[in-house]
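A.B. asks:
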Amino acid sequence: MASSPSPSGRAHRCGRLGHSTFADVEWASGLPITYIVAVDVTGGTNYTFLSGGPFKAVPFAMHALTSDSSTTSVPQTLTLSNDTLYITGGNGVDLSGLAGTPGWVLSGDTLHNDGKRVGIGTTAPSTDLHVVGGITYQDGNQTAAKLLTSDAQGNASWQSLSAESIFGSGNVPGVEALCLSSLATAPMQSGPYFVAVSGSYAYAVSGLVNTMRVFNISNPSAPSVIATIAAGTSPRGIAVAGNLLMW
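Under this note's numbering, think of the first position of the sequence shown as 1, with each following residue one higher.
1) Across which residues does DSSP place residue 237 in a beta bridge pair?
2) Which same chain residues end up closer than 6 Å to residue 16 when comparing Cβ atoms and leaving out the 5 residues on each side of it in sequence?
3) Once the 5 residues before and after residue 34 are set aside, which same chain residues still bring their CB inside 8 Å of it?
4) Return the chain-ordered list of same chain residues with a C-beta closer than 8 Å to the C-beta of residue 133, the five sequence neighbours on each side being excluded.
5) Spatial neighbours of residue 207 within its chain, please: CB distance less than 7 Å, with the 5 preceding and 5 following residues excluded, ordered by chain position.
6) Buried or exposed: which applies to residue 49, given that a residue is buried once 16 or more other Cβ atoms fall within 10 Å of its Cβ?
7) Would DSSP call residue 94 helix, strand or coil?
8) May I have the straight-line CA-CA distance separating residue 141 from residue 108, to the nearest angstrom?
9) Could you spell out where the beta strand (DSSP E) holding residue 110 opens and where it closes?
10) Out of 200, 152, 139, state which residue places its alpha-carbon closest to the alpha-carbon of residue 159.
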């Protein structure tokens with residue numbers, strides 16, 4: 001086949017193709033590939049050699065020459081570490097610029113975000129953790145009729161319902177009353193019915209003599225009577241609310 005540019009830029013062809021199609025060229029063989037140009041203006045078989053040289057491969061064919069012959073793909077693994085995305089055997093891509101402010105940080109087995117709020121069931125959390133809906137907490141001790149309480153460090157746990165679980169073990173006497181001891185005694189009137197304590201004072205009413213006696217207990221080991229007040233007929237109880245005393 002002969003081809004040459006004309007002054008108008010068009011290609012003129014004459015003769016016939018003397019080789020197979022381009023698809024049959026073994027681009028990946030690694031062997032040198034050459035071409036020749038010959039012409040017979042009469043259209044016969046008496047060709048005259050014009051030129052020749054190495055065949056220049058188009059980019060796709062050059063890729064076929066330099067690539068391997070494998071037809072299977074090699075899987076790659078993507079890994080996200082903090083704000084950087086990595087690919088197996090490759091480089092990393094910094095994603096920090098995608099966020100206006102720092103976001104969640106994954107470090108080992110910990111996911112954290114300092115100063116941010118978490119909302120579950122809400123898009124506008126008002127606290128560090130805001131849950132709208134039910135929650136389930138299972139620590140291995142959960143059963144029916146237990147109380148969720150915490151220790152001094154704030155660690156929550158399920159405990160059996162008892163005075164200790166409500167008021168704390170330091171505020172409740174033990175099972176045996178033998179642990180109690182007498183600090184002091186104070187003169188009570190006959191038939192005391194009820195005692196109330198508020199701050200440094202104790203109030204005791206007696207239904208037999210219809211009086212109320214007030215004690216100063218600022219020193220528990222030495223209580224003292226500071227007043228005896230008439231309490232009407234058969235008082236049976238006392239209530240203290242701020243500066244008010246009712247019986």
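All C-beta atoms in this analysis are idealised placements derived from N, C-alpha and C, irrespective of residue type, glycine included.
C.D. replies: The short version:
1) Translated into positions along the sequence shown, residue 237 becomes position 237. Bridge partners of residue 237: none, in fact.
2) Against the sequence shown, residue 16 aligns to sequence position 16. Its pLDDT being 46, under 50, residue 16 is placed unreliably in this model, and the value from its coordinates should be taken loosely. Cβ neighbours of residue 16 beyond the five flanking positions: none.
3) Looking up residue 34 in the sequence shown gives position 34. So the qualifying residues of the chain are 52, 53, 54, 55.
4) Taking the sequence shown and counting its residues from 1, one reaches residue 133 at position 133. Within the same chain, residue 133 has close Cβ partners 120, 121.
5) Residue 207 sits at position 207 when you count from the first residue of the sequence shown. The beta carbon of residue 207 lies closer than 7 Å to those of 191, 193, 234, 235, 236 in the same chain, with the five residues before and after it left out.
6) In the sequence shown, counting from the first residue as 1, residue 49 sits at position 49. Exposed.
7) In the sequence shown, residue 94 corresponds to position 94, counting from 1. Strand at residue 94.
8) Position 141 of the sequence shown, counted from the start, is the residue given in the question as residue 141. Position 108 of the sequence shown, counted from the start, is the residue given in the question as residue 108. Roughly 29 Å between the two C-alpha positions.
9) By 1-based counting over the sequence shown, the position of residue 110 is 110. Looking at the DSSP string, the run of the beta strand (DSSP E) that includes residue 110 is 110 to 112.
10) As a working note, residue 159 is residue 159 in the sequence shown. Considering only alpha carbons, the answer is 139.
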